[in-house]
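Participant: Could you have a look at this structure, given as structure tokens, before my questions?
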Amino acid sequence: DSCYYPDSRKWAVRKEGDEMVLVKGPETDYFDGEE
Numbered sequence: 089d090s091c092y093y094p095d096s097r098k099w100a101v102r103k104e105g106d107e108m109v110l111v112k113g114p115e116t117d118y119f120d121g122e123e
């Protein structure tokens with residue numbers, strides 16, 4: 089499961105079990121880093 093907080097541009101994602109963590113990163117293209 090995950091949810092997006094548009095006001096802070098952060099994502100809450102489920103780690104292992106029921107642990108949730110907040111993540112934030114720069115927007116990127118789907119193929120970024122692919123050859």
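Numbering (this note's numbering), first residue to last: 89 to 123. C-beta atoms are modelled at their ideal positions from N, C-alpha and C, and glycine is treated no differently.
1. May I have the straight-line CA-CA distance separating PRO114 from GLY121, to the nearest angstrom?
2. Here's a check: name, in chain order, each residue in its chain whose Cβ is nearer than 8 Å to the Cβ of ASP108, leaving out the five neighbours to either side.
3. I need the straight-line Cα distance from GLY105 to TYR93, nearest angstrom please.
4. Which residues in the same chain have their Cβ closer than 6 Å to the Cβ of LEU110, if we skip the five residues on either side of it in sequence?
5. Hey, how far is the Cα of CYS91 from the Cα of ASP117?
Facilitator: From the atom records:
1. The sequence position of residue 114 within the sequence shown is 26, counting from 1. The sequence position of residue 121 within the sequence shown is 33, counting from 1. Near 14 Å, if we compare the C-alpha coordinates of GLY121 and PRO114.
2. Stepping through the sequence shown from its first residue, residue 108 is reached at position 20. Note on identity: in this sequence residue 108 is Met, with Asp being the wrong assignment. Here the set comprises ALA100, VAL101, ARG102.
3. By one-based count along the sequence shown, residue 105 stands at place 17. By one-based count along the sequence shown, residue 93 stands at place 5. Rounded to whole angstroms, GLY105 and TYR93 show a C-alpha spacing of 22 Å.
4. On the sequence shown, residue 110 is found 22 positions in, with the first residue counted as 1. So the qualifying residues of the chain are LYS98, ALA100.
5. Here residue 91 refers to the residue found at position 3 when the sequence shown is read from its first residue. Here residue 117 refers to the residue found at position 29 when the sequence shown is read from its first residue. Taking the straight line from one Cα to the other gives about 20 Å.
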